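Enquirer:
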Amino acid sequence: MAPTSKLLLADLASSCVKQIPSNYIRSVSDRPNLSNVQISDGSTIPLIDLLGLNGPNHFLIIKQIAQACQNDGFFQVKNHGIPEEMINNVLNIARKFFKLPKSERLKNYSDDPTKTTRLSTSFNVKTEQVSSWRDYLRLHCYPLEDYIHEWPSNPPSFRKDVGEYCTTVRGLVLRLLEAISESLGLEKDYIDKKLGKHGQHVAMNYYPPCPQPELTYGLPGHTDPNLITILLQDDVPGLQVLRNGKWIAVNPIPNTFIVNIGDQMQVLSNDRYKSVLHRAVVNCDKERISVPTFYCPSPDAIIGPPKELINDDYPAAVYRDFTYEEYYEKFWNRGLIKECCLDLFKASNNSA
Ligand code: OGA
Ligand code: NI
Numbered sequence: 000m001a002p003t004s005k006l007l008l009a010d011l012a013s014s015c016v017k018q019i020p021s022n023y024i025r026s027v028s029d030r031p032n033l034s035n036v037q038i039s040d041g042s043t044i045p046l047i048d049l050l051g052l053n054g055p056n057h058f059l060i061i062k063q064i065a066q067a068c069q070n071d072g073f074f075q076v077k078n079h080g081i082p083e084e085m086i087n088n089v090l091n092i093a094r095k096f097f098k099l100p101k102s103e104r105l106k107n108y109s110d111d112p113t114k115t116t117r118l119s120t121s122f123n124v125k126t127e128q129v130s131s132w133r134d135y136l137r138l139h140c141y142p143l144e145d146y147i148h149e150w151p152s153n154p155p156s157f158r159k160d161v162g163e164y165c166t167t168v169r170g171l172v173l174r175l176l177e178a179i180s181e182s183l184g185l186e187k188d189y190i191d192k193k194l195g196k197h198g199q200h201v202a203m204n205y206y207p208p209c210p211q212p213e214l215t216y217g218l219p220g221h222t223d224p225n226l227i228t229i230l231l232q233d234d235v236p237g238l239q240v241l242r243n244g245k246w247i248a249v250n251p252i253p254n255t256f257i258v259n260i261g262d263q264m265q266v267l268s269n270d271r272y273k274s275v276l277h278r279a280v281v282n283c284d285k286e287r288i289s290v291p292t293f294y295c296p297s298p299d300a301i302i303g304p305p306k307e308l309i310n311d312d313y314p315a316a317v318y319r320d321f322t323y324e325e326y327y328e329k330f331w332n333r334g335l336i337k338e339c340c341l342d343l344f345k346a347s348n349n350s351a
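Everything in the sequence shown is counted per numbering that gives the first Met the number 0, starting at 0 for the first residue and increasing by one.
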């Protein structure tokens with residue numbers, strides 16, 4: 000690809016365009032309809048305090064997690080054990096990375112979704128019809144020593160700070176996976192063992208200010224293809240979650256993380272836990288940074304429900320057998336369209 004076609008959104012947006020280019024404009028039926036979005040009031044999306052997870056409140060917290068996973072697919076966590084300084088560091092590094100000169104950022108550019116360290120723009124520039132108002136840096140980060148040498152070395156503390164962050168977030172994920180296993184009535188280490196070789200990716204999403212936010216998305220509605228996602232966002236609203244057919248804005252609460260169930264957890268739980276549609280919208284005035292951590296099964300893992308979760312209420316496995324590798328490739332190549340990728344893997348769907 001010619002270097003000139005590697006155009007990042009940050010460079011377009013910083014030139015103060017008054018109108019967005021036509022490739023970002025969604026059709027009228029596919030726009031965010033921002034005036035019709037419900038604002039969350041702090042309790043709309045359950046906020047779970049993890050402080051007592053190993054104490055006397057253990058069973059209460061497990062129950063809260065079970066309910067949130069079943070009813071909402073999303074919850075927020077506080078007292079998660081990740082220091083405030085580490086959170087601020089990683090957000091600052093992301094902010095600084097996207098302010099680096101173009102030539103420096105482009106060192107990591109790739110539009111190949113299989114690359115383990117890459118900067119790109121929108122979602123999948125190779126296959127998509129309409130662009131999204133986002134640049135992103137995506138890094139594989141577990142096992143850390145396999146990937147950290149590929150990462151940007153600018154800003155200078157990037158590898159150290161982001162590496163520590165990834166390791167610490169992994170600790171939180173492992174605690175949540177134990178709690179979620181327990182909430183499904185399974186042995187604590189059930190999910191851990193089921194994943195095969197664990198995988199972890201972190202993304203830094205950069206959403207520049209947008210002169211016409213009502214015409215485009217930062218990320219259109221999608222469900223996450225992985226097992227579970229731990230999202231860190233800065234203080235600018237943008238994330239919206241679909242509930243009962245209505246979009247709800249999840250406004251940031253400092254020092255909390257947003258946890259959402261991904262498609263593989265829905266499969267593993269045999270549809271008890273929900274991988275819910277969500278999207279990111281943009282705004283006229285402020286750039287926005289989000290840093291999701293995606294926790295994944297091994298590419299060759301076959302994720303399916305344990306026999307304990309096949310019973311009178313759920314008499315058969317809802318999805319056919321597939322490897323995570325097969326699923327992930329489908330996710331990246333079909334684009335972010337509203338119908339969940341999972342539908343293609345239903346046991347009753349012969350077309351997959
Ligand atoms: C994602 C995602 C939401 C956000 O990267 O999968 O849903 O607020 N991001 O950036
Ligand atoms: Ni997502």
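Where is the CB? At the ideal position from N, CA and C, for every residue including glycine. Nothing here was measured: the structure is a model prediction, and the numbers come from that model.
Would you mind sorting alanine 1 into buried or exposed? The rule is 16 or more other CB atoms within 10 Å of its CB.
Expert: Low confidence applies to alanine 1: its pLDDT is 36, below 50, so where it sits in the model is not reliable, and the reading given next is rough at best. Label assigned to alanine 1: exposed.
Enquirer: Hey, could you find the ends of the beta strand (DSSP E) arginine 242 is sitting in?
Expert: 238-242 is the extent of the beta strand (DSSP E) around arginine 242.
Enquirer: Kindly provide the chain-ordered list of residues whose Cβ lies closer than 5 Å to any non-hydrogen atom of the ligand OGA.
Expert: The set, ordered by position in the chain, is Asn204, Leu238, Ala279, Ser289, Pro291.
Enquirer: Name the one or two DSSP bridge partners that threonine 228 has.
Expert: Beta-bridge pairing links threonine 228 to Asn259, Phe293.
Enquirer: So, helix, strand or coil for valine 201, using DSSP?
Expert: Valine 201 falls in the strand class under three-state DSSP.
Enquirer: Starting from valine 76, follow the beta strand (DSSP E) in both directions and report where the run begins and ends.
Expert: Where valine 76 is concerned, the enclosing beta strand (DSSP E) stretches over 73-77.
Enquirer: Return yes when the C-beta of histidine 221 is under 7 Å from any heavy atom of the ligand NI, and no when it is not.
Expert: Histidine 221: yes, Cβ under 7 Å from the ligand NI.
Enquirer: Between leucine 335 and the rest of its own chain, which residues show a CB-CB distance below 6 Å, the 5 nearest in sequence each way excluded?
Expert: Excluding residues within five positions, the ones whose Cβ falls inside 6 Å are Phe122, Pro219, His221.
Enquirer: Assuming histidine 221 is part of the beta strand (DSSP E), what are its boundary residues?
Expert: Here the beta strand (DSSP E) through histidine 221 covers 218-221.
Enquirer: For aspartate 233, does the count of other Cβ atoms within 10 angstroms reach 16, so buried, or fall short, so exposed?
Expert: Aspartate 233 comes out buried.
Enquirer: For the ligand NI, I want to know if histidine 200 counts as a neighbour, meaning its beta carbon is within less than 7 Å of at least one of the ligand's heavy atoms.
Expert: Histidine 200 Cβ: outside cutoff for every heavy atom of the ligand NI.
Enquirer: If we define contact as Cβ-Cβ less than 8 Å, is leucine 143 a contact residue for chain D?
Expert: Note that chain D does not occur in the displayed structure, where there is just one protein chain.
Enquirer: Using the DSSP secondary-structure output, state which residues sit across from alanine 279 in a beta bridge.
Expert: Answer is Leu218, Leu238.
Enquirer: Could you check where the beta strand (DSSP E) with aspartate 160 kicks off and where it finishes?
Expert: Here aspartate 160 belongs to no beta strand (DSSP E); instead the alpha helix (DSSP H) covers 157-182.
Enquirer: Got a sec? Which residues, its chain only, sit under 6 Å from serine 4 by beta carbon, not counting five neighbours each side?
Expert: Confidence in serine 4 is poor, its pLDDT being 46 and thus under 50, which makes the residue's placement too unreliable to answer from.
Enquirer: DSSP state of tryptophan 246, grouped into three classes?
Expert: Three-state result, tryptophan 246: strand.
Enquirer: Mind reading off the beta-carbon distance from aspartate 284 to proline 207? Whole number of angstroms is fine, and I expect it under 8 Å.
Expert: Between proline 207 and aspartate 284 the Cβ distance is about 11 Å, and since that is not below 8 Å, they are no contact.
Enquirer: Are cysteine 295 and tyrosine 318 closer than 8 Å when you measure CB to CB?
Expert: Against a cut-off of 8 Å, the Cβ pair of tyrosine 318 and cysteine 295 comes out as no contact.
Enquirer: Tell me the rounded alpha-carbon separation between valine 275 and tyrosine 146.
Expert: Distance between the alpha carbons of valine 275 and tyrosine 146: 30 Å.
Enquirer: Given the structure, does histidine 197 come close to the ligand NI, in the sense that its CB is under 7 Å from one of the ligand's heavy atoms?
Expert: Checking the Cβ of histidine 197 against the ligand NI gives no.
Enquirer: To the nearest angstrom, how far is it from the Cα of glutamine 211 to the Cα of isoleucine 19?
Expert: Looking at the two C-alpha atoms, the distance is approximately 7 Å.
Enquirer: So, is glutamate 181 buried or exposed, given that buried needs 16 or more other C-beta atoms within 10 angstroms?
Expert: It counts as buried.
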